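Position 31 (the sequence shown) corresponds to 154 in the working numbering; numbering is contiguous.
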Amino acid sequence: MAKPLIIVPTFNERKNIRQLVDEIMRLYNDFHIVIVDDDSKDGTAEVIDELSSRYKGKVYLIHRKGKRGFGSASIAGMKFGLKNGYDLILTMDADLSHQPIYLKDFLSAISENDLVIGSRYTRGISIVNWSLKRLMLSLWANMYIKAIIRIKISDFTSGYRCWKREILEKINLDNIMSEGYAFLVEMVYRAYKLDARIKEIPIIFVEREIGKSKINKKVLLESVLMPWKLVIKNILKKL
Numbered sequence: 124m125a126k127p128l129i130i131v132p133t134f135n136e137r138k139n140i141r142q143l144v145d146e147i148m149r150l151y152n153d154f155h156i157v158i159v160d161d162d163s164k165d166g167t168a169e170v171i172d173e174l175s176s177r178y179k180g181k182v183y184l185i186h187r188k189g190k191r192g193f194g195s196a197s198i199a200g201m202k203f204g205l206k207n208g209y210d211l212i213l214t215m216d217a218d219l220s221h222q223p224i225y226l227k228d229f230l231s232a233i234s235e236n237d238l239v240i241g242s243r244y245t246r247g248i249s250i251v252n253w254s255l256k257r258l259m260l261s262l263w264a265n266m267y268i269k270a271i272i273r274i275k276i277s278d279f280t281s282g283y284r285c286w287k288r289e290i291l292e293k294i295n296l297d298n299i300m301s302e303g304y305a306f307l308v309e310m311v312y313r314a315y316k317l318d319a320r321i322k323e324i325p326i327i328f329v330e331r332e333i334g335k336s337k338i339n340k341k342v343l344l345e346s347v348l349m350p351w352k353l354v355i356k357n358i359l360k361k362l
């Protein structure tokens with residue numbers, strides 16, 4: 124049986140992380156979780172320490188100094204997974220917007236694929252509690268990315284994913300350029316260039332009820348520029 128690991132990056136998610144971990148463990152007791160915390164100031168790490176004691180050998184904490192970004196945190200989790208022999212490496216958000224009920228669908232779909240993406244757009248629009256402005260921005264971003272990198276995917280910016288270790292081993296994680304959410308686009312592009320089998324499955328995305336989004340102007344700028352950087356580096360054979 125495959126050995127699955129879930130990576131959850133956190134920054135000030137004390138009010139969400141306990142519920143997420145408890146729900147995953149209730150539904151899927153054979154999953155392991157590594158939480159990569161970027162020096163949260165609200166006591167997130169202390170809550171994770173409690174969860175690690177309760178679910179001994181199943182919940183791990185990587186505590187990092189400073190706020191180093193979503194992409195960097197995801198890479199730290201992936202390296203942990205590869206080093207410790209996990210066959211499947213999943214990523215999801217800490218804020219409960221990625222519902223654990225879909226984990227079984229990822230496991231089913233990954234058997235014949237290398238990367239499975241939980242998509243908000245394969246069956247119309249499956250998003251709850253977003254403003255029209257934010258929805259239009261997300262739709263525009265995905266159309267913009269697709270037009271530049273020319274991969275037939277509907278949701279490049281979904282962080283709810285499942286990777287087979289074999290494809291992650293082929294990607295040089297030390298060469299990843301992105302620090303923020305542009306990491307999601309870069310990883311898809313690099314996997315695609317390695318002929319990875321990529322599949323999208325439908326999910327319903329529920330906007331966080333507690334806490335604030337971590338997206339800022341710097342993150343948005345990186346996301347706008349990254350598709351062009353990837354295409355240029357690929358043309359120059361420096362990817």
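Virtual Cβ for every residue (Gly too), placed ideally from N, Cα, C. All of these numbers come straight from a predicted model, not from anything done at the bench.
Since residue i is in the beta strand (DSSP E), which residue starts that stretch and which ends it?
| i | result |
| --- | --- |
| THR280 | No beta strand (DSSP E) contains THR280, which DSSP labels as neither H nor E. |
| PRO132 | 127–133 |
| LEU219 | Neither: LEU219 is in no beta strand (DSSP E) and is coded neither H nor E. |
Kindly indicate the opening and closing residues of the alpha helix (DSSP H) around residue i.
| i | result |
| --- | --- |
| ASP160 | Careful: ASP160 lies outside any alpha helix (DSSP H), inside the beta strand (DSSP E) at 155–160. |
| LYS322 | Per DSSP, LYS322 belongs to no alpha helix (DSSP H); it is in the beta strand (DSSP E), 321–325. |
| ILE140 | 137–150 |
| LEU174 | 167–177 |
Determine whether the beta carbon atoms of residue i and residue j lie at a separation below 8 Å.
| i | j | result |
| --- | --- | --- |
| ILE321 | ILE240 | yes |
| VAL131 | MET215 | yes |
| TYR209 | ARG288 | yes |
| SER249 | ASN265 | no |
| GLU330 | THR245 | no |
| LEU317 | ILE299 | no |
| LEU211 | PRO325 | no |
| ARG191 | PHE328 | no |
| MET349 | SER281 | no |
| TYR151 | LEU219 | no |
| PHE193 | GLY303 | yes |
| ILE294 | ARG313 | yes |
| ALA196 | ASN139 | no |
| PRO223 | ILE171 | no |
| ALA168 | HIS186 | yes |
| ILE271 | LEU213 | no |
| LEU205 | GLU292 | yes |
Mapping the DSSP letters down to three states, classify residue i as helix, strand or coil.
| i | result |
| --- | --- |
| ILE233 | helix |
| GLU330 | coil |
| TYR183 | strand |
| LEU205 | helix |
| LEU317 | coil |
| LEU359 | coil |
**OP:** Only counting runs of 4 or more residues, tell me where the alpha helix (DSSP H) segments fall wholly within the region 241–313, in order along the chain.
**Re:** 255–272, 288–293
Original post:
Touch check for the region 161–174 and the region 133–144: three-plus C-beta pairs under 8 Å?
Top reply: The region 161–174 vs the region 133–144: in contact.
Original post:
Does the region 307–316 touch the region 346–353, meaning 3 or more C-beta pairs lie closer than 8 Å?
Top reply: Put simply, the region 346–353 touches the region 307–316. At least three CB pairs are less than 8 Å apart.
Original post:
For the region 223–237 against the region 251–269, are there 3 or more C-beta pairs whose distance is under 8 Å?
Top reply: no
Original post:
Are there three or more Cβ pairs, one per stretch, closer than 8 Å when the region 179–193 is compared with the region 147–157?
Top reply: yes
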